[in-house]
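To keep things clear, I will list the structure first and then write my remarks on it.
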Amino acid sequence: MNRRQVGTEYERQAAAFLEERGCEVIERNYRCRLGEVDLIVRDGNYLVFVEVKYRQSERTGHPLEAVNPAKQRRISRTAVWYLQSHGLGMDQPSRFDVVGICGGQVLWLKDAFPFSG
């Protein structure tokens, strides 16, 4: 399996994990000229932009720690683009979550980082 196929598989697992917890998957691998978001889900009133990170082990760090400030800015700009292009305002309750998969364990970090420019 190549890296893209591995990524797709773990994004599928993350989506199933979130659906089991009551989220509705709206988009998978949303891309625009500003970047991409692995999953966009609805969790109650919130529109949630989800980054999925996988690690075979914690030897290279925990997956929840892998979303650095530059990646956060890219995801944030992409989220603003998504909201605007779908006729949703900045008053739409939104947040950024990270789903980390490591050694078969799935961890969901809600509200992982704030909107940034």
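Residue numbers are given in this note's numbering: position 54 of the sequence shown equals residue 1058, and the series is strictly consecutive. Even for Gly, the Cβ is constructed at its ideal location relative to N, Cα and C. Keep in mind it's a predicted model, so treat the numbers as computed, not measured.
{"Asked": "Taking residue 1092 as the reference, give the member of 1015, 1051, 1035 and 1038 with the closest Cα.", "Found": "1051"}
{"Asked": "To which residues does DSSP link residue 1024 through a beta bridge?", "Found": "None, per the DSSP bridge assignment."}
{"Asked": "Residue 1107: buried (16+ other C-beta within 10 angstroms of its C-beta) or exposed?", "Found": "exposed"}
{"Asked": "Which residue from 1028, 1090 and 1055 puts its Cα closest to that of residue 1014?", "Found": "1055"}
{"Asked": "Would you mind reading off the limits of the beta strand (DSSP E) that contains residue 1109?", "Found": "1109 to 1117"}
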